[in-house]
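Comments concern the structure below.
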Amino acid sequence: MTDTTPPGIADIHAAAARLFGLIVETPLIESQELNKRFGGRILFKPETLQRTGSFKFRGAYNKLSSLSEEERRRGVVAFSSGNHAQGVAASAAMFGVKAVIAMPSDAPAMKIANVRKMGAEVVPFDRFRDDRMTVVRPYMERGMVLVPPFDDPAIIAGQGTIGLELMRQVKALGVDLDAVVVPCGGGGLSSGISVAVKDASPDTAVWAVEPEHFDDTRRSLAAGARVSNEPGHSSICDALLTAEPGLITFEINRRNLTGAIAVSDQAAAQAVRDAMAHLKLVVEPGGCVALAALSSGEIDLSGKCVAVVLSGGNVDFGTYAGIMEAA
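The numbering of the sequence shown is numbering that gives the first Met the number 0, which starts it at 0 and goes up by one.
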């Protein structure tokens, strides 16, 4: 039976112990130019520098750590547009277990290639026509363990270790954090970070940021219940194109989030350019939406100290070059 108990701060500390020595403790960096533009102190946490190029390794490794030896022997299966796929593939390789990953056929070629390089089998599917669970079900029926991309207590706890690091780092800087801004797809990252942030600083606001037309968390918070995205839309933020919030993630997010913001592809692309120009970082569009949200006017930045999570940097060179040329 699937565990739907939301993880608490003790679960996040346990995840941090499992991940110790395996993950990069990503630094906090800032740009005086961006501080000046936004009128506050903006601290960026670049999970682009994390193992596999995104935060997803944290949750995937914690999930595989929580499996029994017998479960790991049966292998694992997952579905992902790329970053979770790479996190699962890398973790499976470390444990020496077989991994099968269902990936959208339109996922960035670099992400698909990286998953295969790590030794996982890739099963392509149509993002818009195929049901992901239908694609992976035959493998689950053979006994392989599903490693969900976000709606799982161990996954959420693993992502929450970013919040532990962040709060420890700002304490070392001697600053009080007014807000944390986090990219949001299914909500695993925002929910996990929110648990750690609220435990350390209940008054710190936590904001989720989604692509325009894929703002299911924003609309679900407004409705007081989970709602799905309308079909027929696309976005350059391929890492964040989930259909609806998770059961567990939404339960946490509705309790902890100050709100959620939707940003356009144009704003995300500009944020990618800003990250390159001012932070000297390559960030994929989905990983840059929290930076994009700073220009929305929805977050009070004047004189504030705000942390922004840059969640991933796995972007095809062609896509990145196109964004840069459009400047």
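Glycine included, C-beta positions come from ideal geometry on N, C-alpha and C.
- A direct Cα-Cα distance of roughly 21 Å separates T248 from D130.
- In this structure, the CA atom of K170 is about 22 Å from the CA atom of Q49.
- Taken in chain order, the complete alpha helix (DSSP H) segments of 4 residues or longer contained in the region 249 to 282 are 264 to 273.
- Rounded to whole angstroms, the Cβ separation of A156 and A16 is 11 Å, and the two are not in contact under 8 Å.
- According to the DSSP assignment, A77 belongs to no alpha helix (DSSP H) but to the beta strand (DSSP E) extending over 75 to 78.
- Here T3 is exposed: its Cβ has fewer than 16 other Cβ atoms, across all protein chains shown, within 10 Å.
- When C-alpha distances from T47 are compared across N34, V307, A320, the shortest belongs to V307.
- In terms of Cα proximity to S227, the closest of M139, F56, P244 is P244.
- The criterion of a C-beta distance shorter than 8 Å is satisfied by S310 and P182.
- A straight line joining the alpha-carbon of E324 with that of N34 spans about 25 Å.
- According to DSSP, residue pairing for A98 in a beta bridge involves V75.
- Per DSSP, reduced to three states, the secondary structure at C287 is helical.
- Per DSSP, reduced to three states, the secondary structure at E46 is helical.
- Counted as a single uninterrupted DSSP element, the alpha helix (DSSP H) harbouring A112 occupies residues 108 to 116.
- Cβ neighbours of I8 within its own chain (closer than 7 Å, five residues either side excluded): V194, A195, D198.
- By the CB criterion at 8 Å, S90 and Y60 fall inside the cutoff.
- In the DSSP assignment, S53 forms a beta bridge with G311.
- Cβ-Cβ distances below 8 Å link G302 to G38, G39 in the same chain, with the five nearest sequence neighbours on each side left out; the list follows chain order.
- Of the residues G317, V305, H83, R254, the one whose Cα lies closest to the Cα of V146 is H83.
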